[in-house]
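Worksheet: one structure, shown below.
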Amino acid sequence: MIILAATPIGNLGDASKRLIEALTNAEIIASEDTRTTIHLMRALGIENRPRLIALHEHNETEKAAEIAELARATDVLVLSDAGMPAISDPGFPLVAAAAAAGVTVTALPGPSAVLTALAVSGLPTDRFSFEGFLPRKSRVAYFTALVREERTMVFFESPNRLGDSLADLATAFGDDRRVVVCRELTKLHEEVKRGTARELADYFAPGARGEICIVVEGAQPATSDLPTGIAQVLKLVTEGSRLKEAASEVAEQTGLSKRDLYEGALAAR
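The C-terminal residue of the sequence shown carries number 269 in UniProt numbering, and the numbering is unbroken.
What follows is the structure in structure tokens.
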């Protein structure tokens with residue numbers, strides 16, 4: 001079978017007993033970086049010397065079928081550098097290939113940066129979405145597409161782009177959207193910084209170090225129907241606001257579509 005095994009995201013003490021047993025007995029290990037796997041095994045005092053296969057973002061598609069076939073005859077332990085394989089790490093093509101070939105896939109659960117960040121954030125955890133790594137470019141447009149997402153959102157980001165990404169987030173979601181930046185989780189210099197999007201954009205403008213998770217509060221659910229919203233827009237206009245600005249303000253307050261509010265108020269004038 002294929003065995004997906006979660007590895008520590010920072011603190012070596014988070015290696016589970018099942019992970020240690022699996023590493024001790026493994027005959028074949030497919031890992032994101034074989035050097036990292038060797039280092040982990042040495043740190044855990046494991047003397048086993050299994051066959052190591054590199055399985056990373058550049059070769060996982062072509063290697064998937066081959067490794068799935070190996071797993072018909074013996075267990076193949078699959079590791080990423082940290083956390084759970086297939087969650088923004090190599091593993092998904094292999095799992096898909098194994099499932100298509102009828103090869104059993106199981107997992108050894110354990111550390112997860114996504115769930116750890118969500119749990120310590122202080123933001124709602126009953127419904128959430130994991131959005132993976134933020135794009136390098138066009139982040140305002142990317143965030144704008146998520147502006148009405150009501151679930152708590154979790155992102156990964158490079159420490160070098162953190163300040164710029166938070167500034168783009170504030171532009172799209174508004175300065176007051178609640179955000180939590182989790183840095184170096186489970187490590188010696190762990191930091192959980194809470195604040196508004198603008199506050200954290202300013203705080204991290206000089207840069208940051210380490211592994212970064214960003215947890216973002218979801219949008220408030222719509223609290224008004226469209227006709228009532230249009231009436232609110234028209235009232236603001238009579239008080240001196242420009243139509244576009246009034247539509248934006250009511251959309252922010254109610255969760256209604258700014259475009260629908262604008263077009264509805266325009267037609268009603």
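Using N, Cα and C, we set each Cβ at its ideal position, and we do this for glycine too.
The alpha carbon of glutamate 60 has as its nearest neighbour, out of Asp89, Ala117, Leu256, Gly13, the alpha carbon of Asp89. Checking the DSSP bridge columns, you'll see alanine 5 partnered with Leu108.
The Cβ atoms of alanine 22 and alanine 5 sit closer than 8 Å to each other. The segment 170–182 and the segment 127–147 touch, with no fewer than 3 CB-CB distances between them shorter than 8 Å. Taken in chain order, the complete beta strand (DSSP E) segments of 3 residues or longer contained in the segment 118–177 are 128–133, 152–157.
Using a Cβ-Cβ distance cut-off of 8 Å, the segment 111–124 and the segment 4–20 are in contact, since at least three pairs of beta carbons, one from each stretch, lie closer than that value.
Judged by DSSP in its simplified three-state form, glutamate 184 adopts coil rather than helix or strand. For leucine 94, the secondary structure class from DSSP, reduced to helix, strand or coil, is helix. Under the three-state reduction of DSSP, glycine 229 is assigned to helix. Within the same chain, Cβ atoms closer than 7 Å to the Cβ of alanine 82 are found at Thr7, Pro8, Ile9, the five residues on either side in sequence being excluded. Annotation for serine 31: the continuous beta strand (DSSP E) segment containing it runs 28–31. For arginine 51, the enclosing beta strand (DSSP E) has its first and last residue at 51–54.
Distances from the alpha-carbon of isoleucine 53 to those of Leu40, His39, Arg42, Arg35 put Arg35 closest. Secondary structure at glycine 210: coil, using DSSP grouped into helix, strand and coil. Contact annotation: the segment 176–192 does not touch the segment 70–84, with fewer than three C-beta pairs closer than 8 Å. Distance check between isoleucine 214 and each of Ala117, Glu249, Ser138 places Ala117 closest, using alpha-carbon atoms only.
Following the DSSP letters along the chain, one finds threonine 24 in no beta strand (DSSP E) but inside the alpha helix (DSSP H) bounded by residues 17–25.
Taking all protein chains in view, the Cβ of leucine 169 is crowded by 16 or more other Cβ atoms within 10 Å, so the residue is classified as buried. As a beta-bridge residue in DSSP terms, lysine 193 pairs with Val181.
Rounded to whole angstroms, the Cβ separation of valine 76 and isoleucine 87 is 18 Å, and the two are not in contact under 8 Å. Taking C-alpha positions only, glutamate 263 is separated from arginine 148 by approximately 19 Å.
Using a Cβ distance threshold of 8 Å, arginine 183 and serine 165 do not count as a contacting pair. Going by beta carbons, glycine 229 and valine 250 fall inside the 8 Å limit. According to the DSSP assignment, valine 76 belongs to the beta strand (DSSP E) that extends over 76–79.
With 16 or more other Cβ atoms from the protein chains shown falling within 10 Å of its own Cβ, glycine 91 counts as buried.
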